[in-house]
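Student: With my numbering, letter number 48 in the first sequence gets 91, and the count goes up by one each step, no holes. I am attaching a structure below and will ask some questions about it afterwards.
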Amino acid sequence: MSIDADRIYCLLSQVPEGRVTTYKFLAHAVGSKGYRAVGQILRNNPYAPHVPCHRVVSSDGSIGGFMGNRSGVHIQKKKKLLRGEGVKIKGNTLSDFSSIVVSDFR
DNA sequence: GCGCTTATCGCAC
DNA sequence: GTGCGATAAGCGC
């Protein structure tokens, strides 16, 4: 089955500020194991600012990478942005990730 | 305990 | 039609 990109955007859209989600759960939420596919959809991001791709992190709580290449220093800005929303970031990983990760969309 | 490899899905070329 | 890419999980050493 295919991952409904619209579903990804919908779930991500309902994630409040100061909270993040993981590729694994997003993929699982749509009923697929295409963890990478989720990132791929976010990579194109047709919904742009409506879909806070920087709010999506890896299952380990690490930022992983955004904008198609983790080399993007923009990640640093994202981390700071998330921190401004109430998300504490440690290096390349979320400190309170386990406390802010939304693993239950329903 | 840490590292590398395999599996999986979507999008771009 | 093929290849690459924002990951995840498992197996090996």
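Ideal Cβ placement from N, Cα and C applies to all residues, glycine included.
1) Going by beta carbon distance, what residues of the same chain come within less than 6 angstroms of Thr64, once the five residues before and after it are set aside?
2) Residues bridged to Val99 by DSSP?
3) Return helix, strand or coil for Val58, following the three-state DSSP convention.
4) If you follow the alpha helix (DSSP H) that Tyr90 is in, where does it begin and where does it stop?
5) Could you give the DSSP three-state label for Ser141: helix, strand or coil?
6) Using the DSSP secondary-structure output, state which residues sit across from Ile132 in a beta bridge.
7) Looking only at C-alpha atoms, which of Met110, Gly77, Ile143 sits nearest to Gly129?
Tutor: According to the structure shown:
1) In the first sequence, the residue the question calls residue 64 occupies position 21. The residues are Val58, Val99, Val145.
2) The residue labelled residue 99 in the question sits at position 56 within the first sequence. Thr64.
3) Looking up residue 58 in the first sequence gives position 15. Looking at Val58 - three-state DSSP - the assignment turns out to be coil, as it is neither helix nor strand.
4) As a working note, residue 90 is residue 47 in the first sequence. Neither: Tyr90 is in no alpha helix (DSSP H) and is coded neither H nor E.
5) Numbered from 1 along the first sequence, position 98 holds the residue referred to as residue 141. Helix, per DSSP.
6) Indexing the first sequence from 1 puts residue 132 at position 89. Answer by DSSP bridge pairing, in chain order: Leu137.
7) Counting from one through the first sequence, the residue named residue 129 turns up at place 86. Nearest C-alpha to Gly129: Ile143.
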